[in-house]
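Step one of this worksheet: look at the structure below.
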Amino acid sequence: MNETLRKTMEIIFSSERSMPAHFSSNGERTQSFCVDFEPLSAEDDYEMASDVWHAYTELPRGPAMTDLESYLILRCGEDIMLGAYVITKLGGEKLIDEMKGYVIDDTIESFSDKVDRAQEVLSTEAARKYFEYCSNAGFKLASK
Numbered sequence: 001m002n003e004t005l006r007k008t009m010e011i012i013f014s015s016e017r018s019m020p021a022h023f024s025s026n027g028e029r030t031q032s033f034c035v036d037f038e039p040l041s042a043e044d045d046y047e048m049a050s051d052v053w054h055a056y057t058e059l060p061r062g063p064a065m066t067d068l069e070s071y072l073i074l075r076c077g078e079d080i081m082l083g084a085y086v087i088t089k090l091g092g093e094k095l096i097d098e099m100k101g102y103v104i105d106d107t108i109e110s111f112s113d114k115v116d117r118a119q120e121v122l123s124t125e126a127a128r129k130y131f132e133y134c135s136n137a138g139f140k141l142a143s144k
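Residue numbers (this note's numbering): 1 to 144.
This is how it looks when you write it as structure tokens:
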């Protein structure tokens, strides 16, 4: 694994948030991904936490989707947005798609004992569009 990608994954998975970033706080930060990454300003942390949540609330959900399955999409989207931001700040924006694949695979593995349909849920058209939105938003914010 490329060093920039490895560092990005390390930062993503260091998050200790127990709830969506929109509802997590970290010190004086009222909405936070709860990671230690100096280039991530409080303003960017807040903006991403808010953006990823609001985009998630617009996501169409199938009638058979459980709350946990829905949360799986949100959690994965948050990690993808954060990862796109981090990897862009580290100069590895060409690795965003690869990072996205690692995040999705890790989410499937991490939740496979709780969500039988994890892979199916994260492979839906709506989830793919949401993940694409999240990666683009993280990239754009980091590129400012």
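Where a beta carbon is used, it is the ideal one built from N, C-alpha and C, also for glycine.
A64 sits exposed, since fewer than 16 C-beta atoms from the chains shown fall within 10 Å of its C-beta. Proximity to K100 across C134, R117, A118 peaks at C134, based on C-alpha coordinates. Residue environment for F23: exposed (fewer than 16 other C-beta atoms within 10 angstroms of its C-beta). With the rule of 3 Cβ pairs closer than 8 Å, the stretch 92-109 does not count as touching the stretch 45-52.
Residue burial annotation: T57 is exposed, with fewer than 16 other C-beta atoms found within 10 angstroms of its C-beta. Going by beta carbons, F139 and A84 fall inside the 8 Å limit. Excluding the 5 residues flanking it on each side, T4 has same chain C-beta neighbours closer than 8 Å at I87, L90, G91, G92, L95, in chain order. The stretch 108-125 makes no contact with the stretch 17-31: fewer than 3 CB pairs, one atom from each, lie closer than 8 Å. By the CB criterion at 8 Å, I73 and A137 fall outside the cutoff. Annotation for S112: A118 place their beta carbon closer than 7 Å to its own, counting only its chain and skipping 5 residues before and after. A Cβ-Cβ contact shorter than 8 Å links L68 with V115. In the structure shown, N136 falls within a helical segment according to DSSP collapsed to helix, strand and coil.
Judged by their CB atoms, V35 and S18 are not nearer to each other than the 8 Å cut-off. Restricting attention to G77, L59, T107, F131, the CA atom closest to the CA of A21 is found in G77.
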